[in-house]
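Number of protein chains: 2
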Amino acid sequence: MDNVKIIEIKQSVYESNDREADKLRSELKARGTFLLNLMSSPGAGKTTLLESVIPKLARKYKIGVMEADIDADVDAVRIKETGAKSIQLHTGGMCHLDAGMTRQGLDELLEDGMDFAILENVGNLVCPAEFDTGASMNACLLSVPEGIDKPLKYPLMFEVCKLVVITKIDTLPYFDFDVEKCKEYIKMRNPEAKVLMVSAKTGEGIDELCKTLEEYIEAQKG
Amino acid sequence: MDNVKIIEIKQSVYESNDREADKLRSELKARGTFLLNLMSSPGAGKTTLLESVIPKLARKYKIGVMEADIDADVDAVRIKETGAKSIQLHTGGMCHLDAGMTRQGLDELLEDGMDFAILENVGNLVCPAEFDTGASMNACLLSVPEGIDKPLKYPLMFEVCKLVVITKIDTLPYFDFDVEKCKEYIKMRNPEAKVLMVSAKTGEGIDELCKTLEEYIEAQKG
């Protein structure tokens, strides 16, 4: 198995996470690096989606990924195979990352400059939403097998995300998943949210997602 | 829509959660009530599984369910339709329940005595595993669409669960899910874990799960 760099991140020492997050966001803007904080339930398909998206965007951009997990390095190994720079962050049992913890990963990831950095957060719809990581934007995935009621049960997650990607849409025939109702629930939490639908398996929607990400990356370059 | 009782639970005041949990567990044993703490990722099918299991076990046992969520009461409404007593616990944004919080729900649920009480915990593979709720047993679901690597990434969840139920097995043909490998990962975290496989949709495995639960309920009666 390929070796990936594993960083054991430490609890943050900053008094105000919000202040630290704003500072990090400004620094990223100044460097022209777009940092996406990608969140979802466990198994919604974050890594699989990145495996589809990275090769397309890598033709034009320098990309790096931080994989945050309680344990293991399976995701960082998978991402490394796409050719992107990939590091694994271990949270020491913690269920989220805050801005100080994100900075510890970025210090390693951004060494050589990056257009597009991705934080694949711990799989969890509760805690990661509560902490501003300092990312340029929050996005979350909602997979078809999970069902449409997630925005009802996990309101904050959908309030803080500007982009919601419905994944595994190739499985729509096998699940009772009302797409329009789901979109309605998402908009109820965040009327401004952009909602896209993709299947990493069939490739449906991947080009549109890449186009959207490209707009964000370009906007960050200013 | 049916009305269900919603309890806004408060942060616990107990100094030692472990002590409080042991106390609650003894009280449940003395009353002959088996309390199952059911955990999983969001959307792994906890409520759907209970909808399959409750009608079968209700022929013989008095059953009550506490649905813990950050918000909404969709699950408690669904459970009420099975005929079981059902209450909704709102955690005030918290990602888990501890023993004191569980007790607040049980005070309401157990009024008239219960053979089988179920705590459907917040959908989350991290935080709920960290807090002993005082339940007689911990169980977790792992759904086929989530993938087999969850025991690698969320070790504690699988260490604390005596029963792991692989759900949505009717979707095995549509996902790349190696059952034997998954069982191996589960056993790596907890060699004693019992692993069952079910589909609430086709009914496969439901009888065996009910038989297992019946054994636990009877053992609790002593």
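Protein chains in written order, with my numbering: chain S, 1490 to 1711; chain X, 1490 to 1711. Each residue gets a CB set at the ideal place from its N, CA and C atoms; glycine is no exception. Since the structure is predicted, the reported quantities are computational estimates derived from the model, not experimental observations.
Using the beta-carbon of each residue, which ones in chain X are nearer than 9 Å to residue i?
i, result
"Cys1712 (chain S)", "There is simply no residue 1712 (chain S) to check, as chain S begins at 1490 and stops at 1711 in what is shown."
"Ser1632 (chain S)", "Gly1532, Pro1634 and Glu1635"
Can you tell me where the alpha helix (DSSP H) with residue i in it begins and where it stops?
i, result
"Cys1616 (chain S)", "Cys1616 to Glu1619"
"Ser1753 (chain X)", "Residue 1753 (chain X) is absent from the model: chain X starts at 1490 and stops at 1711."
"Leu1645 (chain X)", "Pro1644 to Val1649"
"Ile1568 (chain X)", "Val1563 to Lys1569"
"Lys1512 (chain S)", "Asn1506 to Arg1520"
"Lys1494 (chain S)", "Not the alpha helix (DSSP H): Lys1494 (chain S) falls in the beta strand (DSSP E), residues Lys1494 to Glu1497."
"Tyr1705 (chain X)", "Ile1695 to Lys1710"
"Glu1588 (chain S)", "The sequence shown places Ala at residue 1588 (chain S), not Glu. Its alpha helix (DSSP H) spans residues Ala1588 to Leu1598."
Which residue marks the beginning of the beta strand (DSSP E) containing residue i, and which one marks its end?
i, result
"Thr1656 (chain S)", "Leu1652 to Thr1656"
"Cys1671 (chain S)", "Not the beta strand (DSSP E): Cys1671 (chain S) falls in the alpha helix (DSSP H), residues Val1668 to Arg1678."
"Glu1609 (chain X)", "Phe1605 to Glu1609"
"Ala1689 (chain S)", "Looking at the DSSP string, Ala1689 (chain S) is not in any beta strand (DSSP E), and its letter there is neither H nor E."
"Gly1553 (chain X)", "Ile1552 to Asp1558"
"Leu1524 (chain X)", "Phe1523 to Met1528"
"Ser1575 (chain X)", "Lys1574 to His1579"
"Asn1627 (chain S)", "Met1626 to Ser1632"
Would you please state the rounded distance, in angstroms, between the beta carbons of residue i and residue j? I believe it to be under 8 Å.
i, j, result
"Pro1431 (chain X)", "Ile1559 (chain S)", "The structure shown has nothing for residue 1431 (chain X), since chain X only spans 1490 to 1711."
"Asn1613 (chain S)", "Asn1613 (chain X)", "6 Å"
"Arg1567 (chain S)", "Glu1540 (chain S)", "6 Å"
"Asn1679 (chain X)", "Phe1647 (chain X)", "6 Å"
"Ile1496 (chain X)", "Ile1576 (chain X)", "6 Å"
"Pro1617 (chain X)", "Met1528 (chain X)", "5 Å"
"Ile1498 (chain S)", "Thr1580 (chain S)", "6 Å"
"Leu1524 (chain S)", "Glu1556 (chain S)", "Not quite, the Cβ-Cβ distance comes to about 14 Å (not below 8 Å), so this is no contact."
"Asp1587 (chain X)", "Asn1506 (chain X)", "5 Å"
"Cys1584 (chain S)", "Cys1671 (chain X)", "Actually they are not in contact, since the Cβ atoms of Cys1584 (chain S) and Cys1671 (chain X) sit about 23 Å apart, beyond 8 Å."
"Glu1693 (chain X)", "Leu1546 (chain X)", "So it is not a contact: roughly 18 Å between Cβ atoms."
"Ile1543 (chain S)", "Thr1571 (chain S)", "4 Å"
"Ser1530 (chain X)", "Ser1501 (chain S)", "Their Cβ separation, rounded to whole angstroms, is 26 Å, which puts Ser1530 (chain X) and Ser1501 (chain S) out of contact at 8 Å."
"Asp1562 (chain X)", "Val1493 (chain X)", "5 Å"
"Gly1594 (chain S)", "Glu1509 (chain S)", "Actually they do not touch by this definition, with Cβ atoms about 14 Å apart."
"Lys1710 (chain X)", "Glu1681 (chain X)", "About 23 Å; that fails the 8 Å criterion."
Can you name the residues of chain X whose CB is closer than 8 Å to the CB of residue i?
i, result
"Cys1584 (chain S)", "Cys1584, Asn1613, Val1615 and Cys1616"
"Lys1657 (chain S)", "Pro1634"
Just the chain X side, please: which residues come within less than 7 Å of residue i by C-beta, in chain order?
i, result
"Glu1635 (chain S)", "Pro1531 and Gly1532"
Taking 9 Å as the CB-CB limit, is residue i close to chain B?
i, result
"Gly1532 (chain S)", "Protein chains S and X are contained in the structure displayed, whereas chain B is not."
**OP:** Quick one: which residues of the segment 1660 to 1691 of chain S get their C-beta closer than 7 Å to a C-beta of chain X? List them in chain order.
**Re:** Thr1660 and Tyr1663
Original post:
Counting Cβ pairs, one atom from each stretch, are 3 or more of them under 8 Å apart for the segment 1670 to 1684 of chain X and the segment 1541 to 1560 of chain X?
Top reply: no
Original post:
At a Cβ cut of 7 Å, what residues of the segment 1529 to 1562 of chain X count as close to chain S, listed as they run along the chain?
Top reply: Ser1530, Pro1531, Gly1532, Asp1558, Ile1559, Asp1560 and Ala1561
Original post:
Of the residues that make up the segment 1499 to 1525 of chain X, which ones have a beta carbon closer than 8 Å to any beta carbon in chain S?
Top reply: none
Original post:
Does the segment 1652 to 1661 of chain X come close enough to the segment 1680 to 1691 of chain X to have 3 or more Cβ pairs within less than 8 Å?
Top reply: yes
Original post:
If contact means a Cβ-Cβ distance below 8 Å, which residues of the segment 1637 to 1652 of chain X contact chain S?
Top reply: Asp1638, Lys1639, Leu1641, Lys1642, Tyr1643, Pro1644 and Leu1645
**OP:** For the segment 1527 to 1545 of chain X and the segment 1510 to 1519 of chain X, state whether three or more C-beta atom pairs, one from each stretch, are separated by less than 8 Å.
**Re:** no
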